[in-house]
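Report on one structure; see the data block that follows.
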Amino acid sequence: MAGQLGTSLGNYYKYEYGEVFPGLNVLTSLAVNLNVSLDWLIANKGPMFYDEKTKLQENAAFERVKGEVGEILAHME
């Protein structure tokens with residue numbers, strides 16, 4: 013994993029044991045390699061995986077369009 017993150021094994025162990033907080037370049041590599049949201053990784057905000065975020069956005073868009081279609085149909089009656 014250290015190699016995938018572009019860091020030394022010693023630094024990786026320090027991250028694992030909480031001795032050092034990884035820099036932005038390591039966090040970015042971690043997010044890319046694990047396909048997780050950087051917002052979730054750093055601040056524990058939002059969905060963990062990008063797929064979940066996409067689904068939430070799709071559901072919100074669907075609900076918005078559903079409401080708009082309902083309004084249009086109501087005016088057509």
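Positions 13 to 89 (the numbering used here) are the ones given, in order, by the sequence shown. Quick reminder that beta carbons are idealized off the backbone N, C-alpha and C, glycines included.
Bounding residues of the alpha helix (DSSP H) (the contiguous stretch that carries residue i)
i, result
"Tyr25", "Leu21 to Glu28"
"Ser41", "Leu36 to Leu46"
"Gly15", "Ala14 to Leu17"
Coil, strand or helix - residue i by DSSP
i, result
"Phe74", "helix"
Buried or exposed (CB count within 10 angstroms, at least 16 for buried), residue i
i, result
"Tyr25", "exposed"
"Leu21", "exposed"
Cβ-Cβ separation, residue j to residue i (assumed contact under 8 angstroms), whole Å
i, j, result
"Phe33", "Ser49", "Actually they do not touch by this definition, with Cβ atoms about 18 angstroms apart."
"Pro59", "Leu68", "6 angstroms"
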